[in-house]
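Enquirer: Residues in the sequence shown are numbered consecutively from 1244, following the numbering used here. Positions of the beta carbon are idealized from the N, C-alpha and C atoms, including for glycine. None of the values given here were measured: they were computed from a predicted structure. This is the structure, below, for whatever I ask next.
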Amino acid sequence: MELLRSRGAAEVAHPGGTLLVHLIRVSEQLAAWGAPADVQAAGLCHAAYGTDGFRSSLLSLDERPTLAEVIGGDAEELVYLYGSCDRAATYPQLSTAARPVFRDRFTGLERTPGDDQVDAFVEITAANELDVFAHDPQLAARYGPELHELLAASRERLSAAAWAAVQHDLGG
């Protein structure tokens, strides 16, 4: 947390307050859903390198080893997967491919992560987007139905608690 604070996360505006407050809420939501510690840590840092939907970054890609030292290698791998995901290329595959291929928006390379990583990615996506939508009704109205469709099609990758939250918050 100190690393995020020292990199300005408490000063970056984000729906519902600051980026730091959002990151904490995402991690807490993952904990409430029973996610493993590495997934919670990845949720806390999911925007460290920026994301396809939120380009502000707190760390450069050269600082991946620094983040891995703080949160662990597995959690950092999830943070990189989340931040590097080219959503336009990857999201459609989440619902159609048994083994989705992720396109890296930083390098343009494609890779097929393991099922555990894809499951964690979808769980973090649900926690992140539900938090954003809870604090920005316009984004919720615009993108909520599309997110519900994506997560419904990827339902087997979500925990029961995450799916219940999706159903509660996005209807369906």
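Where F1345 and A1256 are concerned, what is the direct C-alpha to C-alpha distance, given to the nearest angstrom?
Expert: 28 Å
Enquirer: Give a yes or no on contact between the stretch 1330-1345 and the stretch 1353-1360, applying the rule of three or more CB pairs nearer than 8 Å.
Expert: yes
Enquirer: Between E1319 and R1330, which are expected to be in contact by the criterion C-beta below 8 Å, what is the C-beta distance as a whole number of angstroms?
Expert: So it is not a contact: roughly 20 Å between Cβ atoms.
Enquirer: What's the gap between the Cα of Q1410 and the Cα of H1391?
Expert: Looking at the two C-alpha atoms, the distance is approximately 8 Å.
Enquirer: Do the stretch 1379-1395 and the stretch 1268-1285 touch if we need at least three Cβ pairs shorter than 8 Å?
Expert: no
Enquirer: Mapping the DSSP letters down to three states, classify G1387 as helix, strand or coil.
Expert: helix
Enquirer: Report the rounded CA-to-CA distance for M1244 versus F1364, giving the unit in angstroms.
Expert: 21 Å
Enquirer: By DSSP's criteria, G1260 is part of a beta bridge. Which residues make up the other side?
Expert: H1257
Enquirer: L1401 and A1369 look like a contact to me (Cβ under 8 Å); what is the Cβ gap, rounded to whole Å?
Expert: 6 Å
Enquirer: Determine the direct distance from the alpha carbon of D1412 to that of T1294, and round the result to whole angstroms.
Expert: Those two C-alpha atoms are separated by around 23 Å.
Enquirer: I need the straight-line Cα distance from A1291 to I1314, nearest angstrom please.
Expert: 12 Å
Enquirer: Express the C-alpha separation of L1352 and R1385 in angstroms, rounding to a whole number.
Expert: 30 Å
Enquirer: If we ignore side chains and look at the alpha-carbon of each, how far apart do Y1323 and H1289 end up?
Expert: The straight-line gap from Cα to Cα measures roughly 8 Å.
Enquirer: Helix, strand or coil: how does DSSP classify R1354 here?
Expert: In this structure, R1354 counts as strand in the three-state DSSP scheme.
Enquirer: So the candidates are Q1336, A1285, F1376; which of them puts its Cα closest to the Cα of I1367?
Expert: For the residues Q1336, A1285, F1376, the minimum Cα distance to I1367 belongs to A1285.
Enquirer: Nearest by alpha-carbon distance to Q1360: which of C1328, T1350, P1335 is it?
Expert: C1328
Enquirer: Is the CB-CB distance between L1266 and A1252 below 9 Å?
Expert: yes
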